[in-house]
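Colleague: This is the structure I have questions about; it appears just below.
Numbering (full-length UniProt numbering), first residue to last: 1 to 812.
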């Protein structure tokens, strides 16, 4: 039982009503069915974070994805129930506190804190807390004067504010008082001999995980605190070329405690150090501008804190406090009247101030999770424990409880190989290079090289790791070493009992992307259809090179033969790739290594091999019809693009994947051309307008490259000797209804190889290296799409001539 602060009542949660039982199975089928509406999204990149399109797309995603929850249910489920493998809650001698005990302890603390604020002149604890807030240049009366009293059922300094700026200091002072009140409680327990930890003990300073640490001295502890940051500059990491200007009015920040106990004076802050962003407004409101601002803060944390799975934010006015929980699929929000519900408001602030890293959303599989300061980030090593098990067919099927093995990787997180920036609710794919620490083969330093792909996968889509397991015997496909499916986003159907769900916030009847229209709460009789994601990690052996680094025409054609063979092998296993693009077709690590295919994230599995063997799992979802238009627009097969608005479904088949290889080769050839005609053609292929891309594809397939036609496009660049092959390759798809044969395509490629002149299209390595190094910059770590030297197993990279033109088809 938790220690009772002001009563002898039993410690219990107020929410012991029966929770809804999770459905035995989730809705069948994939989100990529023929009935799913498709829409294009130009993805944000390191170069276009400032563009208005980002805010507009964020508003589109927020529409219908903000779930309103009653405050007590929000606090119970999201502030006391999200951490996995929790080991770091303040503990008593009898063992760790239960969830109910933690909640009751903090509720009692909130009531005592409110009592201290209401009776400050006669309350010893109030004086003790104020005294602990006194630092060098601030006196006891000054600290006390800054803290708002609670009288006549109001926080008077908040209620009487006339300008937004009048709220900054009293809010910060109130937050700091609540924070310190909770700290004093834990210190009091320690003085009484209780084994409960001091609140900062769960936040030790980051240390190198690969170095042996001496346990003779207690670790130095980090501190967290509330600061007025409305006039501070907030920095992003080096990978953002033009970061957006985002300035939360108040921030809950992680920092290193000074020896003299003085609070730090921040000249600027880094988003990596922000734990909770807080926006202040004079009057209450929930218009699109405010909601988008809060979403931008949550997204900034997602971008900078790779080891964080969810985050909290607060929107506060002089009367209302809205606390939000953001994950990869939804935003859950609770509204609290600070004056009418002061205990709940104080408990929210106190809980945020005393959370351990896991409760705040940090993933304990990473070393130093949540505790690496921005000032340490470039030097501090990071390891990741991946607890591997046999992947299930779908992520909503629980994997084996006992892991097969654990792979410990030294991750090179300071130079990610790839990051895809979704807007808000997305997969947020990250790819790092790393080294398996169990591999000690010093003679072959490449033997332990691994590539880790992490993303938030749709639980209703076939597991990508499951598909890779199916392709172990397929040549020229990335090789999976191990995988895990870890944290799930909140399932709003199974998490809350009836009566705790209030509704969904949606924009009004006018334009969804308007920034002035209010978000209105639409009350619902039942929970919305669940949409969940799961944090999936996959480890791949080795890495490849971008096809833009092909040494000559022969290497490119040899790679083409291997890509086609790989796609054919996938089809034999019942797998259609559906996203063959320039970034998903890689060259081998060197000239002697085979090319291979990556990224099965959008692949469709029929549930059986071509030979007829069916799924051993017995799940009936696999064979559902799949939407015909999927992938990266410049590389999607012509008849799929042409049939985009067709009523009759057009299945994505093997021939479409093979045609996408043609478009990749054409793209590589055109980017080496200097003529205006070729540049215009490439621009059209990379257009975000579907009709423009469709027309350009039709022109190429019908003979734009025909060397016998004087009016056709002539290739004169590096890959000019591929012209005849590209013409014949296109002939396989244009008005050709007969089935493709692998032998026919291989013969076509080998004939083209034998006809190549010596050293056709060759680029000398030293020249290429100089070009790459010059483009990259010797002192800058900016990593645009075109400057990545290498690509890796298991992830696609969006190719375009300009970062702002990266386009990908997304569903639902």
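By construction, the Cβ of each residue, glycine as well, lies at the ideal position given by its N, Cα and C atoms.
All values derive from a computational prediction rather than experimental measurement.
Per DSSP, what kind of secondary structure is residue 80 in: helix, strand or coil?
Modeller: Working through the chain shown from its first residue, we reach residue 80 at position 80. Three-state result, residue 80: coil.
Colleague: How close, in whole Å, do the beta carbons of residue 539 and residue 483 come, if the pair is a contact with beta carbons under 8 Å?
Modeller: On the chain shown, residue 539 is found 539 positions in, with the first residue counted as 1. On the chain shown, residue 483 is found 483 positions in, with the first residue counted as 1. Rounded, the Cβ-Cβ distance is 7 Å, consistent with contact.
Colleague: Whose C-beta lies closer than 7 Å to the C-beta of residue 342 among residues of the same chain, with five residues either side of it excluded?
Modeller: Here residue 342 corresponds to residue number 342 of the chain shown, with the count starting at 1. Same-chain partners within the cutoff: 114, 150.
Colleague: Can you list, in chain order, the stretches of the alpha helix (DSSP H) that have 4 or more residues and sit fully within the segment 420-487?
Modeller: You should have 464-470.
Colleague: Please say whether residue 444 and residue 407 have beta carbons closer to each other than 8 Å?
Modeller: By 1-based counting over the chain shown, the position of residue 407 is 407. By 1-based counting over the chain shown, the position of residue 444 is 444. For residue 407 and residue 444, no; Cβs fall outside 8 Å.
Colleague: Is residue 229 helix, strand or coil by DSSP?
Modeller: One-based indexing of the chain shown puts residue 229 at position 229. Coil.
Colleague: What did DSSP end up calling residue 652 once you bin it into helix, strand or coil?
Modeller: Here the question's residue 652 lines up with position 652 in the chain shown. The answer is coil: DSSP assigns residue 652 none of H, G, I, E or B.
Colleague: From residue 422 to residue 600, what does the alpha carbon distance come to, in whole angstroms?
Modeller: Taking the chain shown and counting its residues from 1, the one referred to as residue 422 is at position 422. Taking the chain shown and counting its residues from 1, the one referred to as residue 600 is at position 600. Between the alpha carbons of residue 422 and residue 600 lies a distance of about 18 Å.
Colleague: Counting along the chain, where does the beta strand (DSSP E) carrying residue 161 start and finish?
Modeller: One-based indexing of the chain shown puts residue 161 at position 161. Segment: none, residue 161 is in no beta strand (DSSP E) and carries neither H nor E.
Colleague: Under a three-way DSSP split, which group does residue 312 fall into?
Modeller: In the chain shown, the residue the question calls residue 312 occupies position 312. If DSSP states are grouped into helix, strand and coil, residue 312 belongs with the strands.
Colleague: Report the option in 178, 250, 220, 157 whose CA atom is closest to the CA atom of residue 106.
Modeller: One-based indexing of the chain shown puts residue 106 at position 106. The residue with the shortest Cα to Cα distance from residue 106 is 178.
Colleague: Run through DSSP, which three-state label would residue 660 get?
Modeller: In the chain shown, the residue the question calls residue 660 occupies position 660. The answer is helix: DSSP assigns residue 660 an H, G or I state.
Colleague: Identify whether residue 256 lies in helix, strand or coil by the three-state DSSP scheme.
Modeller: Walking along the chain shown from the start, residue 256 turns up at place 256. The answer is strand: DSSP assigns residue 256 an E or B state.
Colleague: Would a C-beta distance cut-off of 8 Å place residue 330 and residue 429 closer than the cut-off?
Modeller: The sequence position of residue 330 within the chain shown is 330, counting from 1. The sequence position of residue 429 within the chain shown is 429, counting from 1. Between residue 330 and residue 429, the C-beta spacing is not below 8 Å.
Colleague: Any idea which residues DSSP pairs residue 538 with across the strands?
Modeller: By one-based count along the chain shown, residue 538 stands at place 538. The partner list for residue 538 (beta bridge, DSSP) reads 453, 483.
Colleague: By alpha-carbon positions, which one of 735, 321, 276, 461 ends up nearest to residue 285?
Modeller: Working through the chain shown from its first residue, we reach residue 285 at position 285. When only C-alpha atoms are compared, the closest one is 321.
Colleague: Please classify residue 349: is it buried, with 16 or more other beta-carbons within 10 angstroms of its beta-carbon, or exposed?
Modeller: As a first step, residue 349 is located in the chain shown; it is residue number 349 there, counting from the start. It is buried - the Cβ of residue 349 has at least 16 other Cβ atoms within 10 Å.
Colleague: According to DSSP, residue 324 sits in a beta bridge with which residue or residues?
Modeller: Numbered from its first residue, the chain shown carries residue 324 at position 324. Answer by DSSP bridge pairing, in chain order: 313, 333.
Colleague: In the structure shown, what three-state DSSP assignment does residue 405 receive?
Modeller: For the purposes of this step, residue 405 is identified with residue 405 of the chain shown, where counting begins at 1. Strand, per DSSP.
Colleague: So which of 698, 740, 705 has the shortest CA-CA distance to residue 658?
Modeller: If you number the chain shown from 1, residue 658 lands on position 658. Residue 658 has its Cα closest to that of 740, out of 698, 740, 705.
Colleague: Among 73, 544, 634, which has the Cα closest to the Cα of residue 323?
Modeller: In the chain shown, counting from the first residue as 1, residue 323 sits at position 323. The option with the nearest alpha carbon to residue 323 is 73.
Colleague: DSSP state of residue 348, grouped into three classes?
Modeller: On the chain shown, residue 348 is found 348 positions in, with the first residue counted as 1. Note: residue 348 maps to helix in three-state DSSP.
Colleague: Count the other CB atoms within 10 Å of the CB of residue 175; is the residue buried (16 or more) or exposed (fewer)?
Modeller: Against the chain shown, residue 175 aligns to sequence position 175. That one is buried.
Colleague: Can residue 251 and residue 278 be called in contact, C-beta distance under 8 Å?
Modeller: Within the chain shown, residue 251 is the residue found at index 251, counting from 1. Within the chain shown, residue 278 is the residue found at index 278, counting from 1. Yes, these two residues count as a Cβ contact at 8 Å.
Colleague: In chain order, which alpha helix (DSSP H) runs of at least 4 residues are fully inside the segment 668-713?
Modeller: Listed in chain order, they are 676-685, 690-699.
Colleague: Nearest by alpha-carbon distance to residue 243: which of 297, 586, 249 is it?
Modeller: Taking the chain shown and counting its residues from 1, one reaches residue 243 at position 243. Out of 297, 586, 249, 297 has the C-alpha closest to the C-alpha of residue 243.
Colleague: Who are the near neighbours of residue 533 in its chain, counting only those whose CB is closer than 7 Å to its CB and skipping five residues on each side?
Modeller: Start at 1 with the first residue of the chain shown, and residue 533 comes out as number 533. Same-chain partners within the cutoff: 328, 329, 456, 457, 458, 459, 489.
Colleague: Cα separation between residue 851 and residue 273?
Modeller: In the structure as shown, the chain starts at 1 and stops at 812, and residue 851 therefore has no counterpart that could be examined.
Colleague: Does the segment 440-454 come into contact with the segment 545-563, if we say contact requires no fewer than three beta-carbon pairs (one atom in each stretch) closer than 8 Å?
Modeller: no
Colleague: What's the call for residue 476, buried or exposed, on a 16-neighbour Cβ count within 10 Å?
Modeller: Taking the first residue of the chain shown as 1, we reach residue 476 at position 476. Result: buried.
Colleague: Near residue 130, which residues of its chain fall below 8 Å by C-beta distance, leaving aside the five closest residues on each side in sequence?
Modeller: To locate residue 130, count along the chain shown from 1; it is residue 130. So the list reads 140, 143, 144, 147, 177, once near-sequence residues are dropped.
Colleague: Using the Cα positions of residue 414 and residue 376, report the straight-line distance between them to the nearest angstrom.
Modeller: Taking the first residue of the chain shown as position 1, residue 414 is located at position 414. Taking the first residue of the chain shown as position 1, residue 376 is located at position 376. Those two C-alpha atoms are separated by around 11 Å.
Colleague: Which first and last residues belong to the beta strand (DSSP E) in which residue 762 is found?
Modeller: Mapped onto the chain shown, residue 762 falls at position 762. From DSSP, residue 762 is part of no beta strand (DSSP E); its letter is neither H nor E.
Colleague: Note down, in chain order, each residue of its chain lying with its Cβ closer than 6 Å to the Cβ of residue 157, except the 5 sequence neighbours on either side.
Modeller: Translated into the one-based positions of the chain shown, residue 157 becomes position 157. For residue 157, where only same-chain residues beyond five positions count, the Cβ hits under 6 Å are 148, 170.
Colleague: If I follow the unbroken beta strand (DSSP E) through residue 270, where does it start and stop?
Modeller: If you number the chain shown from 1, residue 270 lands on position 270. Here the beta strand (DSSP E) through residue 270 covers 268-270.
Colleague: Let me know the secondary structure DSSP gives residue 723 once reduced to three states.
Modeller: In the chain shown, residue 723 corresponds to position 723, counting from 1. The answer is helix: DSSP assigns residue 723 an H, G or I state.
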